[in-house]
Amino acid sequence: MRAYDFAPLYRATVGFDRVADLMDRVLTSEVNTTYPPYNIEKTNDDAYRISVAVAGFSEADLSVEQRENALIVAAKKADEGEDKTYLHRGIATRAFEKRFHLADHVRVTGASHADGMLHIDLVREVPEALKPRTIAISKGSEPKAIEA
């Protein structure tokens, strides 16, 4: 795999270090797990849904946690105590931990488990202070001097 050097990006920009760190993390991640399969869909302009296939896991086996800008979905099957003999085992119920990096101001609004799918709803809420605002332009008078 190619290694990319983001040092010129750090030298030429201010405040974009998180973007460079994210790109560096994505490009250098050697472990690209596909288990469990998941979908990410945009349900509205500022709303999203992550759906994770969790066949074989009950609600008690699953955990969903948001820490700062990370969403962590984990599952661990409780020991059943029985030794079963499988002729074919195609349903994976191994423990997993899946991490999703969330943008600023994205928060989890809820999670539901139905029909072997875990659905996690997210919404982006931009604070009023960061939203664009219109500045009124006054007519007429001369500029006022600012006192020192």
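With full-length UniProt numbering applied, the sequence shown covers 1 to 148.
A virtual CB, placed ideally from N, CA and C, is assigned to each residue, including glycine.
On a predicted model such as this, the values are computed, not experimentally measured, just so you know.
Out of curiosity, what's the CA-to-CA distance linking residue i and residue j?
i, j, result
"Ile91", "Glu128", "47 Å"
"Glu125", "Ile40", "18 Å"
"Leu22", "Val54", "27 Å"
"Asn44", "Val19", "24 Å"
Let's test the definition: count the other Cβ atoms within 10 Å of the Cβ of residue i and tell me whether it reaches 16, buried, or not, exposed.
i, result
"Ala103", "exposed"
"Leu122", "buried"
Assuming contact is defined by CB atoms lying nearer than 8 Å, are residue i and residue j in contact in what I supplied?
i, j, result
"His119", "Ser51", "yes"
"Lys76", "Ala47", "no"
"Gly56", "Thr93", "yes"
"Ser63", "Ala78", "no"
"Pro36", "Lys98", "yes"
Beta-carbon within less than 6 Å of residue i's beta-carbon, same chain only, minus the 5 sequence neighbours each way: which residues are those?
i, result
"Phe100", "Leu71"
"Lys84", "none"
Closest to residue i by CA distance: which of the options is it?
i, options, result
"Lys42", "Arg89, Gly140 and Val106", "Val106"
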